[in-house]
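Trainee: Here you go, one structure.
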Amino acid sequence: MLLASIDGYSQNTVSPEVQQTIIRNGVGLGGVIAVTVSWERNKSILWAILHGIFSWVYVIYYTLSR
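When we follow full-length UniProt numbering, the leftmost residue of the sequence shown carries the number 1, and every step to the right adds one.
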């Protein structure tokens, strides 16, 4: 019974169109780094959101200003 349930859950049912949309509309690495660095520096959700929007621009600014 366990093998039957594992086999049922192991099938990939996500279509390629859905996978491409998730990847295209997902959060990028630059945004994650910017939000994390901004939160550690400012402890403000508003600044973290703003810096997440600018993503790599803020990451480069942060590395140059330290």
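Glycine included, each C-beta is placed from N, C-alpha and C at the ideal position. Quick caveat: nothing in here was measured; it's all calculated off a predicted structure.
1) Looking at the secondary structure, which residues open and close the alpha helix (DSSP H) in which Arg41 lies?
2) Between which two residues does the alpha helix (DSSP H) containing Ser65 stretch?
3) If we count the other Cβ atoms within 10 Å of its Cβ and call it buried at 16 or more, is Ser38 buried or exposed?
4) His51 and Val35 - do their beta-carbons sit closer together than 8 Å?
Mentor: Taking the geometry as given:
1) Numbered from its first residue, the sequence shown carries residue 41 at position 41. Start and end: Leu29 to Asn42.
2) The residue labelled residue 65 in the question sits at position 65 within the sequence shown. Residues Trp56 to Ser65.
3) Taking the sequence shown and counting its residues from 1, the one referred to as residue 38 is at position 38. It counts as buried.
4) If you number the sequence shown from 1, residue 35 lands on position 35. If you number the sequence shown from 1, residue 51 lands on position 51. Yes, the Cβ-Cβ distance between Val35 and His51 is below 8 Å.
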